[in-house]
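Take the sequence shown: its letter number 94 is residue 94 in full-length UniProt numbering, and every next letter is one higher.
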Amino acid sequence: IQQALVECGLPAAAIQAIESPDRELVNQLLKLDRYVDMLIPRGGAGLHKLCREQSTIPVITGGIGVCHIYVDESMEFEPALKVIVNAKTQRPSTCNTVETLLVHQGIAAAFLPALSERMKQVGVSLHACPASLPLLTSGPANVTAIEAANYDDEWLSLDLNVKLVAGIDDAIDHIREHGTQHSDAILTRSLSRAEQFVREVDSSA
């Protein structure tokens, strides 16, 4: 790269690289606001979180999306299922694909069997929380018990986490803990809950 810069009449030092694999150097770089104007990290969710929390330099994060949809108890099932299918299957390898579905526990007994049927039709495998697992294993979709680390996974495939939540506050808390501030959605018929979600979830879309 530096040779190409020289051939174009630019200084070779315009692009530099840290060649050491020592991760402590990343922590040092994050504090060099006297010399570095902007950071655009490329890597996994852990790196992005580290940069957002530790950097004294402005950070632009992108390229990774652990995205969520919260299905509120007021939402009609069929429109919700259509949105979920589109959000998971249109382009599963992109960073705005839904990775975790949060479902209000009050509708779980009726909604999850319908979800299983629809996910089977489109080839989506489900990773179910302990509360949702019994309701999903009796359905036709491929279902496995979720592991805690899966909530931070960007699957980039036809895999979907399913977790039951007590309500919108519980859903928002989960998104704050596991989201990447990319794209998150609420499916609801309640204007006040929609407004709360938009107000309290710090996502780009």
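Backbone N, C-alpha and C fix where the C-beta goes; we use that ideal spot for every residue, glycine too.
Since we're looking at a predicted model, the values are computed, not measured.
Please report the Cβ distance between residue i and residue j, rounded to the nearest whole angstrom; I am assuming they are in contact, meaning their Cβ atoms lie under 8 Å.
i       : j       : result
Asn-96  : Gly-65  : 5 Å
Val-98  : Cys-129 : Val-98 to Cys-129, Cβ: 16 Å. No contact.
Lys-163 : Leu-102 : 5 Å
Ala-145 : Leu-133 : 6 Å
Ala-114 : Phe-77  : 6 Å
With distances taken Cα to Cα, identify the nearest neighbour of residue i among the options.
i       : options                           : result
Asp-37  : Val-59, Leu-191, Ser-157, Ser-132 : Val-59
Ala-185 : Gly-43, Ala-166, Ala-141, Lys-88  : Lys-88
Asp-169 : Arg-189, Asn-142, Phe-197         : Phe-197
Met-75  : Ala-110, Pro-41, His-48           : Ala-110
Glu-160 : Ala-141, Gly-167, Gln-3           : Looking at the sequence shown, residue 160 is not Glu but Leu. Comparing Cα-Cα distances from Leu-160 to each of Ala-141, Gly-167, Gln-3, the minimum goes to Ala-141.
Ile-57  : Tyr-35, Leu-191, Gly-46           : Tyr-35
Gln-105 : Leu-47, Ala-171, Leu-10           : Ala-171
Tyr-151 : Glu-177, Ile-84, Glu-7            : Glu-177
Ile-175 : Leu-50, Ile-84, Thr-100           : Thr-100
Ile-69  : Ile-84, Trp-155, Arg-52           : Ile-84
Glu-117 : Lys-82, Gln-3, Ala-12, Gln-28     : Lys-82
Residues in its own chain within less than 6 Å of residue i by CB, not counting five upstream and five downstream?
i       : result
Ala-80  : Val-71, Leu-187
Val-143 : Leu-126, Ala-128, Leu-136, Thr-137
Gln-181 : Asp-202, Ser-203
Which residues in the same chain as residue i place their Cβ atom closer than 7 Å to its Cβ, once the five residues preceding and following it in sequence are excluded?
i       : result
Gly-123 : Leu-158
Gln-193 : For clarity, residue 193 is Arg in the given sequence; the question names Gln instead. For Arg-193, where only same-chain residues beyond five positions count, the Cβ hits under 7 Å are Asp-72, Ile-168, Ile-186.
Could you please give me the residues that DSSP links to residue i through a beta bridge?
i           : result
residue 207 : The structure shown has nothing for residue 207, since the chain only spans 1 to 205.
Leu-187     : Val-71
Can you give me the Cβ contacts of residue i inside the same chain, cut-off strictly under 8 Å, excluding the 5 residues immediately before and after it?
i       : result
Leu-112 : Val-103, Ser-132, Leu-135, Leu-136, Gly-139, Val-162
Looking at chain D, is there any beta carbon in it that lies within less than 8 Å of the beta carbon of residue i?
i      : result
Leu-32 : Within the model displayed, chain D is absent; a lone protein chain is all it includes.
Regarding residue i and the ligand COA, is the C-beta to nearest heavy atom distance less than 7 Å?
i       : result
Ser-132 : This structure simply doesn't include the ligand COA, nor any ligand for that matter.
For this session: Could you name each continuous alpha helix (DSSP H) segment of 4 residues or more that falls completely within the UniProt domain "Aldehyde dehydrogenase" (3-124), going from the start of the chain to the end?
Result: 24-29, 45-54, 77-89, 108-122
Exercise. If you scan the segment 159-185 from start to end, which runs of the beta strand (DSSP E) of 3 or more residues do you find wholly inside it?
Worked result: 159-165
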